[in-house]
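See structure below.
2 protein chains.
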Amino acid sequence: MNAFDTGIAIEPVEPGLMRGRTDPEWANMVGPFGGITAATLLHAVQSQPDCHGQPVALTVNFAAPVADGEFDIALRAARTNRTNQHWIVELTQDGETKTTATALFGLRRETWVSEEAVMPVVPAPEDVAVPGFPPQVRWTRNFEMLFVEGAVPQPESKPDPSSTTTLWMRNTPSRPIDFPALTAMCDLFYPRVYRRLGRVVPAGTISMNIYFLADQHQLDAVGGDFILGTAHANRFSLGYFDQSAEVFGRDGTLLATSQQIVYFKG
Amino acid sequence: MNAFDTGIAIEPVEPGLMRGRTDPEWANMVGPFGGITAATLLHAVQSQPDCHGQPVALTVNFAAPVADGEFDIALRAARTNRTNQHWIVELTQDGETKTTATALFGLRRETWVSEEAVMPVVPAPEDVAVPGFPPQVRWTRNFEMLFVEGAVPQPESKPDPSSTTTLWMRNTPSRPIDFPALTAMCDLFYPRVYRRLGRVVPAGTISMNIYFLADQHQLDAVGGDFILGTAHANRFSLGYFDQSAEVFGRDGTLLATSQQIVYFKG
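Chains as they are written, first to last, in my numbering: chain A, 86 to 351; chain B, 86 to 351.
See the structure below:
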């Protein structure tokens, strides 16, 4: 089984309740990588027998660190309409809420199409040799990350006026992309404040939002290929900064936009 | 009482349950203006005796139209930490869910500050004479909207390659800005697909997200002055488009970023 599939594995307990467990392969500094938690919650909704349509929007709130061990996911379709469905999701451990989420699923149909977002002009992944994360945290080994701009600061790094990071990314071992994998990859950008200050300071994502602009058919066209992510911050102030990201297929198709609000000290 | 305050008025029913009612002053084509519903939900959280901190993030999912009349708002602090608090909110009518939301509140403290977002260079509101919405829908009379780019399409309008709209906005009658008013103003951008196609097609916001980057002190500095909003779409496809917006104070301070996912036919 691919490490990603093991990471998001869950089983049904009763209607509206799934159970999972943290996987050492996905360990971050404190608790699991937030992207694997977000992916697990989306996967939990997709696993419900009454799930209706494909993912359109996902908001995940990281209320407290997930402890090593089992967790429960309570899910409820708050509203099912003809063309969409609204879910409320809550991850708990020993009765304590650790993560909350809402998810919007919808039927997709052909309409007028226009793409305004423009993929950054970058070298192909085959021509990028910049190494990804140093393997300080285990989960980063589950992705290839080829930085074309704004790699992780090193001890000799200096402050930078730009918060932008752009990288090619894919699962390793390679795996056809699906909505949970796209969700996790929307969270692959290390905290923007590191880039601006040129050093590591305490920081953590508190809430993240994803709009899925591609359907399953467009993800199938990507398959196991690299996708390009680019992220920047708009404002650092009063203990928080925001992050805006776009994720493109190699052909320039905008697959998703994603936003985060991140706590920091500095 | 200011029309905005009347629009977001609610009263407590029991712990964790508030009640409100739709106000004809805020009527949209179907149900109330989504921005007043979002503002009411935020106001409901702020009204809870155990509310901790200032608004940091808000996601509102418009699951079904709110019918004219009373509505209930159930609120629960899913998690309270030392420096932040996570809320789950649900608006119902006759037991049917119409709107869901999550809200993040947090304590604000001085930290490193940097603003990367740049306010568009535009004429001052005093020098803008472009009229706002034609008064087809009642709620638009409760804001001054001075468009500096991308005004509402008129019968003679043509398709446009840009989805960007930029406008000065404030409550009318004038009222000092607070978080609920800022929330409503994040929803003042008419559907981007109108701008691209140069005409009105069926469209409606299904989910909206706001990151509050200013604290109450910075809102107090704005007072009743105009704020500048600018919004654009990244991709129209498969029945949905996204919207990214920034809202600035007149001095260039980024007060909030906001995103939407919008259903459309066309």
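From the three backbone atoms N, C-alpha and C, an ideal C-beta is built for every residue, glycine too.
- request: Examine chain A for any beta-carbon lying closer than 8 Å to the beta-carbon of Ile158/B, and answer yes or no.
  value: no
CA-to-CA distance, Asp212/B to Asp272/A, given in whole angstroms: 43 Å
query: Three or more C-beta pairs closer than 8 Å, one from the stretch 160 to 170 of chain B and one from the stretch 120 to 131 of chain A: is that the case here?
result: no
task: Can you check the stretch 237 to 273 of chain A for any beta strand (DSSP E) of at least 3 residues that lies completely inside it and give the ranges in chain order?
output: 250 to 256
field: Proximity winner among Tyr325/B, Phe228/B, Ser242/B, Lys350/B, relative to Ala266/B (alpha-carbon distances)
entry: Phe228/B
Leu282/B (DSSP reduced to helix, strand or coil): helix
Residue interval of the beta strand (DSSP E) (run including Leu231/B): 228 to 234
message: So Arg106/A contacts chain B; which residues on that side make the cut at Cβ distance below 9 Å?
response: The premise fails here: Arg106/A is roughly 21 Å from chain B at the closest Cβ pair, so nothing lies under 9 Å.
query: Can you find at least 3 beta carbon pairs, one from the stretch 294 to 312 of chain A and one from the stretch 248 to 257 of chain A, that sit closer than 8 Å?
result: yes
task: Just mark Gln170/B as buried or exposed, buried being the case when its beta carbon has 16 or more other beta carbons within 10 Å.
output: buried
query: If we ignore side chains and look at the alpha-carbon of each, how far apart do Glu175/A and Asp300/B end up?
result: 28 Å
task: Have a look at Ala202/A and Gln239/B and give me their C-alpha separation to the nearest angstrom.
output: 26 Å
task: Could you name the residues that DSSP lists as bridge partners for Gln139/B?
output: Gly191/B
query: If the cut is a Cβ gap below 9 Å, which residues of chain A does Ile312/B touch?
result: Those within 9 Å of Ile312/B in chain A number zero; the least Cβ separation is about 15 Å.
query: Count the other CB atoms within 10 Å of the CB of Glu155/B; is the residue buried (16 or more) or exposed (fewer)?
result: exposed
- prompt: Would you say Glu175/A reaches chain B, if we count a Cβ-Cβ gap shorter than 8 Å as a contact?
  reply: yes
- prompt: So which residues of chain A does Val206/B contact, with C-beta pairs closer than 9 Å?
  reply: Going along chain A, no residue has its Cβ under 9 Å from Val206/B, so there is no contact; the nearest lies around 17 Å.
query: If you check the beta carbons only, do Val307/A and Tyr325/A fall under 8 Å apart?
result: no
- request: Note down the Cα distance separating Gln133/A from Ile158/A, rounded to an integer number of angstroms.
  value: 12 Å
task: Using DSSP bridges, identify the partner residues of Val347/A.
output: Thr290/A, Phe326/A
- prompt: Of all the options Ile262/A, Phe321/A, Phe264/A, which has the alpha carbon lying nearest to the alpha carbon of Pro45/A?
  reply: Since the first residue shown for chain A is 86 and the last is 351, residue 45/A is missing from the structure and cannot be characterised.
field: DSSP-derived helix/strand/coil call for Thr125/B
entry: helix
- prompt: For Trp172/B versus Val130/B, is the C-beta spacing smaller than 8 Å?
  reply: yes
- prompt: Since Phe274/B contacts Ala330/B with CB under 8 Å, what's their CB separation in whole angstroms?
  reply: 6 Å
- prompt: When the cut-off is 8 Å and only beta carbons count, does Lys350/B lie next to chain A?
  reply: yes
query: What residues from chain A crowd round Leu126/B, counting only those whose CB sits closer than 9 Å?
result: Simply none; closest approach about 13 Å.
Rounded Cβ spacing between Val222/B and Asn87/B (contact assumed at less than 8 Å): Actually they do not touch by this definition, with Cβ atoms about 19 Å apart.
- prompt: If you compare alpha carbons, which of Val141/A, Ser259/A, Gly101/A, Pro109/A is closest to Asp135/A?
  reply: Gly101/A
Residues of its chain near Lys350/A, where Cβ-Cβ distance is below 8 Å and the 5 sequence neighbours each way are ignored: Val286, Pro287, Ala288, Gly324
query: Using a beta-carbon distance cut-off of less than 8 Å, what residues from the stretch 217 to 248 of chain B approach chain A?
result: Ser247, Ser248
task: Would you tell me roughly how many angstroms separate the C-alpha atoms of Asp263/B and Asp305/B, rounded to the nearest one?
output: 8 Å
message: Alpha carbons only, please: which of Arg104/A, Gly92/A, Ala236/A is nearest the one belonging to Pro117/A?
response: Gly92/A
message: I'd like to know if Leu189/B contacts chain A, where contact means its C-beta is closer than 8 Å to some C-beta of that chain.
response: yes
Ala316/B, buried or exposed, once every other Cβ within 10 Å from all chains shown has been counted against 16: buried
query: Among Leu339/A, Val145/A, Gln178/A, which has the Cα closest to the Cα of Glu200/A?
result: Leu339/A
task: With DSSP as the reference, label Ala306/B as helix, strand or coil.
output: helix
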